[in-house]
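Asker: The working numbering puts the first residue of the sequence shown at 179, with every later residue one more than the last.
What follows is a single structure, and I will ask about it in a moment.
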Amino acid sequence: MSIGKPKNDPIDLNGLMNEIENDHRITVESDAVDKHIEELRAAQKDLQQATEALEKATITLNEAIAALKSATDNSANIVTGINNAIVNAQEKTEYKVSIAQEDMELLMKNSQAVLATDEIVMKRHFEKQVQAMEAHERRISSILSRNQGFWVSDFWAKVFCWVILACSLLTLIAYHLKTSL
């Protein structure tokens, strides 16, 4: 309703609907423009970071070139210059890495599968070790149960008897000689 119209005039519904549609369309388009502006700002920020990283890499490469130029007189200096340039480039280079959520879930799933597999392998290895130890214990036990006592061959038993007999006779003779004198 406009100010200049009397109150008795009918309200122009078509015009009012057109205004509401226009306002809605303007709001939607404004939101879309705001979204595009935010995307452009984010892209501008990423581009600025990439530019800074490229500038740092350029400076590092220029330093490496300068180091190589100054080291051309001596081959050892060339190698040292190259190594220093590589180290400087590695220290100053920044990497930005991102992992998608799906890739992270796949990585976690694979890690869990590897851990489960390792657990199964370790259990089998442990069981084999236990079986080997039990077999070794049975072997030792059977060896010990067979050898309960002192075993001497026939030859050595005869030698032992003759030595004991000879020692006994010598002891008796020595005792007899000592008492008879």
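Even for Gly, the Cβ is constructed at its ideal location relative to N, Cα and C.
In angstroms with no decimal places, state the Cα-to-Cα distance between Ile204 and Val211.
Answerer: Distance between the alpha carbons of Ile204 and Val211 is about 10 angstroms.
Asker: Assign Met179 to one of two classes, buried (16 or more other C-beta atoms within 10 Å of its C-beta) or exposed (fewer than that).
Answerer: With a pLDDT of only 46 at Met179, under 50, the local geometry of the prediction cannot be trusted, and no value is derived from it.
Asker: Please report the straight-line C-alpha distance between Gln279 and Asp209, rounded to a whole angstrom.
Answerer: So the two alpha carbons sit approximately 28 angstroms from each other.
Asker: To the nearest angstrom, report how far apart Lys213 and Glu272 are at their CA atoms.
Answerer: So the alpha carbons of these two residues sit roughly 29 angstroms apart.
Asker: Which class does Leu239 belong to by DSSP, given the choice of helix, strand or coil?
Answerer: In the structure shown, Leu239 sits in a helix (DSSP, three-state: H, G or I).
Asker: State the CB to CB distance for the pair Glu230 and Ala263, rounded to an integer number of angstroms; the pair is presumed to be in contact (CB under 8 angstroms).
Answerer: Not confirmed; about 20 angstroms, so no contact.
Asker: Taking the C-alpha atoms as reference points, what is the distance between Asn288 and His303?
Answerer: Whole-angstrom Cα-Cα distance: 22 angstroms.
Asker: When the Cα atoms are used, what is the spatial distance from Ile298 to Met311?
Answerer: Taking the straight line from one Cα to the other gives about 20 angstroms.
Asker: Please list, in chain order, all residues of the same chain as Thr238 whose beta carbon is under 8 angstroms from its beta carbon, the five residues on each side excluded.
Answerer: Here the set comprises Ala263, Asn266, Ala267, Lys270, Thr271.
Asker: Buried or exposed for Gly193, please, with buried defined as at least 16 other CB atoms from any protein chain shown within 10 angstroms of its CB.
Answerer: Exposed is the call here.
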